[in-house]
DNA sequence: GTATTATTTGCGCAAGTAGTTAAATAGTCA
DNA sequence: TGACTATTTAACTACTTGCGCAAATAATAC
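Right, here's the structure in full:
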């Protein structure tokens, strides 16, 4: 990422944006287990199929999931498993930040920072 | 990320959203070299100080940069260097996707997929 | 105190986005 | 062919967000 041109930054930003939506992360999380069709995902997420379908097209455009048409259903599966690596990294960062917050509060409350 | 509750997904999404903006990535990229104050960053990015200041507050809230007030300037520096790791991962993913695109096109154009 | 500089914040505008319903499209089965 | 089901797309609403301008705040110098 050292000396990247502006266009590259734009693409990276777009990739992050695809991951910046709870519903899309939920979809990716559900697809971790096994492939699913749109209706299943919609029901599991608690949204309309139309909505989930649009999220899936966006994820497909970024190469995160892959679509396979079978019967009159569309099955989606993870296409780039490194997403989970990304999420794990982020989880670690968030956890560290929570730690700092707890320790910071401990200074005032006297609570043990566990 | 396996069995995360919805709230966790929301936090992860928020973290990704902080990185989903070209200007913010540019700021992080500039801070890689050394700390900078708001005015410098504004000039380097080509935006108003007001705009950059807001981006910096957001990045600070997510623990990505840290602020230090010196004189009547505010100096910002990277607080979580693992951001660059994240970006490197994403760069790899985008590169792979470009590769696939080139190779896919090659089937039709006869172009060598370099 | 005033003047000057740097940063932050309030406000408004334009563009983007997640969600809905309804219509269009595609596939299966009789 | 038509009926039925699944998915995608269109149209719309409500909300969010990046930006600039101008005012407010903070720190230094006189």
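Protein chains in written order, with my numbering: chain Y, 819 to 932; chain U, 819 to 932.
Here a beta-carbon is modelled for each residue, glycine too, at the ideal position from N, C-alpha and C.
None of the values given here were measured: they were computed from a predicted structure.
Taking Cβ positions, are residue i and residue j nearer each other than 8 Å?
i: residue 832/U; j: residue 877/U; result: no
i: residue 799/U; j: residue 912/Y; result: Nothing about residue 799/U can be read from this structure; chain U reaches only from 819 to 932.
i: residue 844/U; j: residue 827/Y; result: yes
i: residue 854/U; j: residue 894/U; result: yes
i: residue 871/U; j: residue 838/Y; result: no
i: residue 862/U; j: residue 848/U; result: yes
Would you identify the three-state DSSP class for residue i, choosing helix, strand or coil?
i: residue 890/Y; result: coil
i: residue 860/U; result: helix
i: residue 868/Y; result: helix
i: residue 884/Y; result: strand
i: residue 895/Y; result: strand
Rounded to whole angstroms, how far is the Cβ of residue i from the Cβ of residue j, which I believe are closer than 8 Å?
i: residue 882/U; j: residue 901/U; result: 6 Å
i: residue 846/U; j: residue 896/U; result: 7 Å
i: residue 824/Y; j: residue 840/U; result: 7 Å
i: residue 834/Y; j: residue 920/U; result: Incorrect: roughly 23 Å between the Cβ atoms, too far for contact.
What residues from chain Y crowd round residue i, counting only those whose CB sits closer than 7 Å?
i: residue 917/U; result: Ordered by position in chain Y, no residue passes the 7 Å Cβ test against residue 917/U, which lies about 10 Å from the chain.
i: residue 859/U; result: Neighbours of residue 859/U on chain Y: none; closest Cβ ~14 Å, over 7 Å.
i: residue 862/U; result: What residue 862/U touches in chain Y: nothing, since even the nearest Cβ is about 12 Å away.
Below 9 Å on C-beta distance, what does residue i contact in chain Y?
i: residue 911/U; result: 833, 880, 881, 882, 898, 900, 901, 904
i: residue 874/U; result: The contacting residues do not exist; residue 874/U stays about 17 Å from chain Y at best.
Quick one: list the residues of chain U neighbouring residue i, beta-carbon separation under 8 Å, in chain order.
i: residue 829/Y; result: 912
query = Relative to chain U, which residues along the stretch 877–909 of chain Y have a C-beta separation below 7 Å, given in chain order?
reply = 881, 898, 900, 902, 903, 904, 905, 906, 907, 908, 909
Chain-ordered residues of the stretch 835–854 of chain U with a beta carbon less than 7 Å from chain Y: 835, 837, 838, 839, 840, 843, 844, 847
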